[in-house]
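Report on the structure given below.
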Amino acid sequence: MYRLVFLGPPGAGKGTQAARLAGDLGVPHLSTGELLRAAVAAGTPLGVEADRFMRGGHLVPDDLVVRILAERLARGDTARGFILDGFPRTRAQAEALARITAIDRVLDFDIPETLLLERLTERRSCPKCGTVYNLKTRPPRADSVCDRDGGPLTQRSDDRPEAVRTRFAAYRELTVPLTEYYRAQGILERIDATGPPEAVEERLRRTVTSVPGEGL
Ligand code: ADP
Ligand code: AMP
893 MYRLVFLGPP
903 GAGKGTQAAR
913 LAGDLGVPHL
923 STGELLRAAV
933 AAGTPLGVEA
943 DRFMRGGHLV
953 PDDLVVRILA
963 ERLARGDTAR
973 GFILDGFPRT
983 RAQAEALARI
993 TAIDRVLDFD
1003 IPETLLLERL
1013 TERRSCPKCG
1023 TVYNLKTRPP
1033 RADSVCDRDG
1043 GPLTQRSDDR
1053 PEAVRTRFAA
1063 YRELTVPLTE
1073 YYRAQGILER
1083 IDATGPPEAV
1093 EERLRRTVTS
1103 VPGEGL
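And the structure:
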């Protein structure tokens, strides 16, 4: 089973790597950020509520996020496992998750904050298919349009510097302590998230396919 959690700061490359790995492992890529953005776009009551927090870079309250994640997990396509990207982000979320399912491994993306700002401010994505680009490190073939479907690329409202600072602060205060929580359970593995996506992917793949506890 590949019941994986990707932990790490905003912009560390969790979504990029989850998209690459999920298909190969035959598991769904579950991003609470994506689920929430879809709810915002659809204008559901949960989306309207979540949007107030997301715009400024604040975490969405635990009960809303746990609800949207639990609904998604119940869909029944997780027989081989899943990759959780961006969840849990607080101790309460981790404890709620433990009541829903066991977790096999937590991959902690390690990267200095100085490298993250540029990754985030240069990030663009396709609102139609969700493909994530970076104007500097992973540009689309044609200016500002998606390689896959030709639609225009957009910038996330919470990738503005002001919201990014708030997101880093939330990460440091509420999410970093989860490393201790998972280390104590013996399932935490650190991944060097610097360097090109291919290099990170290779490190991740080696760790994920090694025997738990005997990783490199
Ligand atoms: P997260 O999901 O952790 O917030 P993303 O996967 O969205 O991060 O990546 C943030 C930005 O950095 C995106 O623009 C992405 O294209 C780019 N990116 C991802 N991995 C790398 C990498 N290894 N090197 C350089 N840029 C990267
Ligand atoms: P992400 O796409 O993971 O960068 O998440 C974007 C935004 O969605 C975050 O800044 C939060 O506002 C919200 N969000 C996503 N996942 C969570 C979570 N697990 N807990 C609280 N808020 C979340």
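Its first residue numbered 893, the sequence shown is counted upward by one per residue in this note's numbering. C-beta: ideal position from N, C-alpha, C; glycine also.
Whether residue i touches residue j by CB criterion (8 Å)
{"i": "S1017", "j": "L976", "result": "no"}
{"i": "L928", "j": "V952", "result": "yes"}
{"i": "R1064", "j": "R1015", "result": "no"}
{"i": "Y894", "j": "R944", "result": "no"}
{"i": "G925", "j": "G978", "result": "yes"}
{"i": "V1056", "j": "P902", "result": "yes"}
{"i": "A942", "j": "L956", "result": "yes"}
{"i": "L1080", "j": "V998", "result": "yes"}
{"i": "I1083", "j": "L1096", "result": "yes"}
{"i": "R1059", "j": "G949", "result": "yes"}
{"i": "C1021", "j": "D1041", "result": "yes"}
Member of the options whose CA lies at the smallest distance from the CA of residue i
{"i": "E1068", "options": "D1000, R1033, T1023 and G1022", "result": "In the sequence on display, residue 1068 carries Val and not Glu. For the residues D1000, R1033, T1023 and G1022, the minimum Cα distance to V1068 belongs to D1000."}
{"i": "D969", "options": "S923, A990, V919 and M946", "result": "V919"}
{"i": "T1029", "options": "I995, D943, L1008 and R895", "result": "L1008"}
{"i": "L922", "options": "A910, V932 and E1093", "result": "A910"}
{"i": "R1011", "options": "A914, T1086 and R912", "result": "T1086"}
{"i": "P1089", "options": "A942, P1031 and V1037", "result": "P1031"}
{"i": "L1027", "options": "R1040, D1039 and T1013", "result": "T1013"}
{"i": "L899", "options": "Y1074, V1037 and A1091", "result": "Y1074"}
{"i": "G915", "options": "F974, T1006, G939 and A1062", "result": "F974"}
{"i": "F947", "options": "E1094, G1078, S1102 and P1053", "result": "Looking at the sequence itself, residue 947 is Arg, so the reference to Phe does not match. Measuring from the Cα of R947, the nearest candidate turns out to be P1053."}
{"i": "I992", "options": "E963, T1006 and P1019", "result": "E963"}
{"i": "A988", "options": "P1019, E1005 and D954", "result": "D954"}
{"i": "A990", "options": "Q1077, V932, T1006 and A1061", "result": "Q1077"}
Cβ separation of residue i and residue j, assumed to be a contact under 8 Å, to the nearest whole Å
{"i": "I1003", "j": "A904", "result": "5 Å"}
{"i": "L965", "j": "V1100", "result": "Actually they do not touch by this definition, with Cβ atoms about 20 Å apart."}
Original post:
Per the contact definition of three or more C-beta pairs closer than 8 Å, is the stretch 981-988 in contact with the stretch 1069-1082?
Top reply: Judged by Cβ distances under 8 Å, the stretch 1069-1082 makes contact with the stretch 981-988, as three or more pairs qualify.
Original post:
Which runs of the beta strand (DSSP E), 3 residues or longer, sit entirely within the stretch 928-973?
Top reply: Counting only runs of 3 or more, we get nothing.
Subject >> Contained beta strand (DSSP E) runs [length at least 3] in the stretch 1017-1068, N- to C-terminal order >> reply: 1024-1026, all fully within the stretch 1017-1068.
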